[in-house]
Structures are given as structure tokens and as C-alpha cells.
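Residue numbers (the working numbering): 2 to 193.
By construction, the Cβ of each residue, glycine as well, lies at the ideal position given by its N, Cα and C atoms.
Here the structure comes first, spelled out in C-alpha cells, and everything after it is commentary.
Right under this line is the structure:
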């Protein structure tokens, strides 16, 4: 397969994976923000594809949902969802994928750093992605709900910390396992 064809296929596949995460949504009690796998898949796309391609996958996902495809949590789509109280988190997916990918770097078949440095870099990428995701989400929620920072943190961050820590660990493990595999396709000129 030619390299110029493979990259768009991976971008589309990860956009679809992020969208599939909408169907894994768990209501989180009194809060309007459900527990979803989409945030993990957005960060994972950055960790596996790199900043530009991971960010492109998340952007494609957000554009598809904005155009009405039912890829947002609860199988919804449309501009109203972006403009609603959780719309900032959707924008956060793009930033999370880009930031985690920039920190993780371009995937390579053969990593030239020690295993410890590689694991630490993947952990830093995943943690940064999850943290960055919250910034536009919290700010937009505060704006749309005219809510205080404390009440927004109580509704949109604190109930999800444990789940996000677990998803972050899973993201690191999946990244360590699949980055070399994906690198073989993205960097066909680098095959050992």
C-alpha cells in the first residue's frame, strides 16, 4: 500500500473509532456529562498516529458529528450538540489528540530511546492529552451554564477522575503495544 493512501485510511479509521466510543456511554448520575470512551480514543489517536494525524482524526470526528452524523455521545449529532454545554469537550478531543501526539512524537518501527524513557514519554503524552481535553470543556460548560468554576469542576471533572485515570493507563498500554505496528504502515520507508 502506498504511504499517501495509508495515512488518510488511518485518520478515517481513528475518526470512526472515536465515533464508536459514543455508543459506550455511561450516565454519570446528576451530571449532564456522560462517561464515554471517546476521550480515550481521541487521546489514543494522537499517541498512535502522532500530533497532526491524530488531531486530523479527531477533527474529522467532530466535523462528522457537526454535520449531523450520530457520532456524539448517546448517538446524537448536529451543530446544537457542539453549542450545548458539553460542546467544549468535543473541541477538547481535537486538542487532546494533537497535544498527546506531539508529545508522543511520530511513531517509529524501532524506538531509539530506552524502554523507560519510551514508557515515560507515552505516559506524559496520555496524561497531557486527558488534561488538555478538560480546558475547553470546563470553560465552555461555565459559559453555557453560567456556572462557577467550583460547580463546573464538581459536575464535569471530579466525577470522572478515576475513570480517566484508568483510561489513561489503558491508553499508555495500548500505545506501547500498537505504535510499532502502526509505524510499519505509516513509515514504509523505515521497515527493518
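DSSP on residue i, reduced to helix/strand/coil?
{"i": "residue 148", "result": "coil"}
{"i": "residue 158", "result": "coil"}
{"i": "residue 2", "result": "Unreliable placement is indicated for residue 2, whose pLDDT of 48 sits below 50; no coordinate value is reported for it."}
{"i": "residue 116", "result": "helix"}
{"i": "residue 36", "result": "strand"}
{"i": "residue 184", "result": "helix"}
{"i": "residue 175", "result": "helix"}
{"i": "residue 100", "result": "helix"}
{"i": "residue 68", "result": "coil"}
{"i": "residue 208", "result": "Outside the displayed range of the chain (2 to 193) lies residue 208, so it cannot be described from this structure."}
{"i": "residue 192", "result": "Unreliable placement is indicated for residue 192, whose pLDDT of 48 sits below 50; no coordinate value is reported for it."}
{"i": "residue 47", "result": "helix"}
{"i": "residue 110", "result": "coil"}
{"i": "residue 153", "result": "helix"}
{"i": "residue 89", "result": "helix"}
{"i": "residue 94", "result": "helix"}
Per DSSP, which residues does residue i bridge with? Please list them.
{"i": "residue 77", "result": "73"}
{"i": "residue 27", "result": "36"}
What whole-angstrom Cβ distance do residue i and residue j have, given they're in contact under 8 angstroms?
{"i": "residue 124", "j": "residue 47", "result": "Their Cβ separation, rounded to whole angstroms, is 14 angstroms, which puts residue 124 and residue 47 out of contact at 8 angstroms."}
{"i": "residue 130", "j": "residue 176", "result": "With 8 angstroms as the limit, residue 130 and residue 176 do not qualify as a contact, their Cβ atoms being about 10 angstroms apart."}
{"i": "residue 82", "j": "residue 66", "result": "7 angstroms"}
{"i": "residue 61", "j": "residue 23", "result": "Rounded, the Cβ-Cβ distance is 14 angstroms, inconsistent with contact."}
{"i": "residue 41", "j": "residue 187", "result": "That belief does not hold up - the Cβ atoms of residue 41 and residue 187 are roughly 21 angstroms apart, past 8 angstroms."}
Is the beta carbon of residue i sitting closer than 9 angstroms to the one on residue j?
{"i": "residue 56", "j": "residue 69", "result": "no"}
{"i": "residue 37", "j": "residue 96", "result": "no"}
{"i": "residue 137", "j": "residue 90", "result": "yes"}
{"i": "residue 43", "j": "residue 13", "result": "no"}
{"i": "residue 75", "j": "residue 26", "result": "yes"}
{"i": "residue 53", "j": "residue 18", "result": "no"}
{"i": "residue 117", "j": "residue 139", "result": "no"}
{"i": "residue 162", "j": "residue 126", "result": "no"}
{"i": "residue 120", "j": "residue 173", "result": "yes"}
{"i": "residue 150", "j": "residue 87", "result": "no"}
{"i": "residue 20", "j": "residue 39", "result": "yes"}
- When the Cβ atoms of the segment 100–119 are set against those of the segment 169–188, are three or more pairs found closer than 8 angstroms? yes
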